[in-house]
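In the working numbering, the protein residues as written are 84 to 509.
Beta carbons are placed, not taken as given, at the ideal position from N, Cα and C, and that holds for glycine.
Below is one structure, written out as structure tokens; comments come after it.
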Amino acid sequence: MSRDTLVKRQFGHRARLALSPSGVRAVDDQAHAARTLWNLLHAWWQMMPKEKRTLQHADAAIRQALKDIDFLAVLPAQAAQAVLKTYFRAWQNCWEHRADAPNFKGRIRTVMSVDIPQGRDLNIVRVHRRWGQVNIPKMGRVRFRWTKDLPVGKRATAENRITGARLIKDALGWHIAFRVQALEVEPGPHQGPDVGIDVGITVPLACSNGETYEHGAWLTPKEKARLLHLEQRAARRKQRRRPGERTSGRLHRTYDRIAGLRAKAKRRALDWQHKATTTIARTYNAVVVEALTITNMVKSARGTIEAPGKNVAQKSGLNRAISGEAWGRTVTMLTYKTARHGGTLVKVPAPNTSRRCSACGFTTPGSRESQAVFVCRNPDCGWSGNADHNAARNVLHLYRMGLALTPAAGRAVVRRAQRVKPATAR
Ligand SMILES: [Zn+2]
């Protein structure tokens with residue numbers, strides 16, 4: 084098997100940390116210190132004349148700040164360096180038009196995180212079938228859920244190892260995201276068939292061969308009722324607040340519970356998406372999807388003041404379904420998973436795929452009888468079937484006709500629209 088070519092692959096793995104209440108407070112403090120450091124750095128940047136905005140000057144300023152400000156001392160030196168690096172990287176991204184200019188990070192809206200840039204500081208061991216242990220600087224040993232075989236200890240080599248990590252807090256608590264580097268055998272060409280996939284209205288994913296990928300509701304009726312109750316309570320409390328009054332502890336707790344339930348739904352959706360996309364990438368060679376611009380579809384429902392949208396309620400219901408399914412995330416997952424299995428993800432132009440008959444190829448008015456049923460109105464054809472299945476067959480047909488837009492192999496690059504900033508932000 085020496086003829087196999089090896090390819091480097093980098094990926095992340097996220098695991099839940101088991102922290103004690105005091106541990107949570109300690110990591111919270113580190114994250115707040117990291118955020119404060121960012122803000123100090125940003126203030127420093129804005130004060131400095133252009134020629135003095137260098138890494139060396141910034142580094143000196145940071146060292147001084149760490150000495151002068153007591154509560155910054157909880158932040159490990161490596162994490163402080165990571166803040167500096169990320170800040171300069173943010174400007175680089177801005178100058179290359181990938182992102183907006185960096186700004187101050189507010190206490191509420193910022194995702195709490197702390198970097199552990201060096202893999203060797205982590206000292207990971209597996210202590211149990213389900214638990215691993217990791218070293219967190221200035222904290223000590225912390226256990227985390229072991230759900231994936233990580234290259235640690237004797238299994239770690241120069242090519243297969245953990246190169247760093249980041250601690251991230253979400254509604255479910257603190258997590259650790261490991262950065263893993265691995266050397267893998269490059270997959271040979273995929274032997275499976277091609278498939279067209281449609282984002283269904285009646286089913287989440289409909290394939291051109293009639294297969295479907297379905298799921299239940301993300302929240303149980305009881306959880307849904309609880310979420311609604313909490314949202315109403317939060318709205319009521321917010322309404323009763325006098326102007327300028329601080330958000331009460333009780334309202335904060337309600338917000339936390341709402342966030343917890345939403346995070347639960349998202350985690351279940353992610354789990355389903357991962358399973359479905361892995362199966363698809365294993366089974367099929369070319370996976371063909373419509374090139375949808377979801378943001379436009381969601382925006383266009385409401386219309387503008389001059390030209391208000393028609394059927395806003397129905398359309399926004401559809402939009403909510405589209406956003407809920409997070410089609411964009413499914414496509415991203417399919418992109419890297421198909422590449423990993425030797426297949427490709429292909430996008431084809433979207434117009435009319437749901438209105439054209441996949442049997443005769445004609446777009447006859449009134450063919451789509453309902454959301455679920457397609458009956459061809461062409462008198463010579465008369466094909467009928469599931470509407471989503473019909474669209475998926477059209478999608479595959481477009482690919483076979485050579486109408487592929489971009490073979491989106493490899494990594495999807497997020498690129499923001501180029502915008503002119505107001506003068507004050509420059
Ligand atoms: Zn037909």
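Near ligand 1: residue i beta-carbon under 6 Å from a heavy atom
i, result
"residue 442", "yes"
"residue 461", "yes"
"residue 290", "no"
"residue 464", "yes"
Nearest-angstrom Cβ-Cβ length linking residue i and residue j, presumed shorter than 8 Å
i, j, result
"residue 127", "residue 141", "7 Å"
"residue 430", "residue 372", "6 Å"
"residue 197", "residue 117", "5 Å"
"residue 280", "residue 370", "6 Å"
"residue 191", "residue 245", "Residue 191 to residue 245, Cβ: 32 Å. No contact."
"residue 359", "residue 302", "In fact, because the Cβ distance is near 19 Å, the residues do not count as touching under 8 Å."
"residue 257", "residue 110", "6 Å"
Rounded C-alpha distance that separates residue i from residue j
i, j, result
"residue 289", "residue 97", "30 Å"
"residue 362", "residue 139", "49 Å"
"residue 462", "residue 445", "11 Å"
"residue 510", "residue 269", "The question about residue 510 has no answer, for the chain in this structure spans 84 to 509."
"residue 424", "residue 365", "6 Å"
"residue 186", "residue 172", "13 Å"
"residue 323", "residue 106", "36 Å"
"residue 282", "residue 296", "10 Å"
"residue 319", "residue 308", "17 Å"
"residue 300", "residue 103", "33 Å"
"residue 484", "residue 250", "47 Å"
"residue 131", "residue 143", "13 Å"
"residue 346", "residue 352", "10 Å"
"residue 201", "residue 235", "14 Å"
"residue 310", "residue 334", "14 Å"
"residue 460", "residue 262", "55 Å"
"residue 95", "residue 233", "11 Å"
"residue 162", "residue 341", "31 Å"
"residue 468", "residue 181", "44 Å"
"residue 199", "residue 99", "16 Å"
"residue 108", "residue 134", "40 Å"
"residue 434", "residue 315", "40 Å"
"residue 420", "residue 174", "31 Å"
"residue 331", "residue 152", "29 Å"
Own chain residues within Cβ distance below 6 Å of residue i, not counting five before or after
i, result
"residue 195", "114 and 252"
"residue 265", "92 and 243"
"residue 286", "295, 297 and 471"
"residue 275", "366, 367 and 368"
"residue 170", "124"
"residue 259", "98, 100, 227, 248 and 250"
Buried versus exposed call for residue i [16 or more other C-beta atoms within 10 Å across all chains shown]
i, result
"residue 432", "exposed"
"residue 472", "buried"
"residue 477", "buried"
"residue 448", "exposed"
"residue 439", "buried"
"residue 326", "exposed"
"residue 178", "exposed"
"residue 159", "buried"
"residue 223", "exposed"
"residue 184", "exposed"
"residue 215", "buried"
"residue 273", "buried"
"residue 166", "buried"
"residue 210", "exposed"
"residue 241", "exposed"
"residue 475", "buried"
Residues near residue i by beta carbon distance below 8 Å, same chain, minus five either side
i, result
"residue 112", "154 and 157"
"residue 356", "409, 412, 413 and 416"
"residue 389", "Caution is warranted here: a pLDDT of 49 is assigned to residue 389, below 50, making its placement in the model unreliable, and no coordinate value can be reported."
"residue 464", "440, 442, 443 and 445"
"residue 271", "425"
"residue 193", "118"
"residue 255", "99, 343, 346, 347 and 350"
Neighbourhood of residue i by C-beta distance below 7 Å, restricted to the same chain and skipping five residues each side
i, result
"residue 292", "278"
"residue 479", "277, 278, 279, 291 and 371"
"residue 88", "269"
"residue 123", "148"
"residue 338", "317"
"residue 451", "437, 438, 457 and 470"
"residue 231", "96"
"residue 90", "267 and 269"
Proximity test, Cβ basis, 7 Å: residue i and chain D
i, result
"residue 126", "Any reference to chain D falls outside this structure, which holds one protein chain only."
Distance cut-off 6 Å: residue i Cβ against heavy atoms of ligand 2
i, result
"residue 257", "What this structure holds is ligand 1, not ligand 2."
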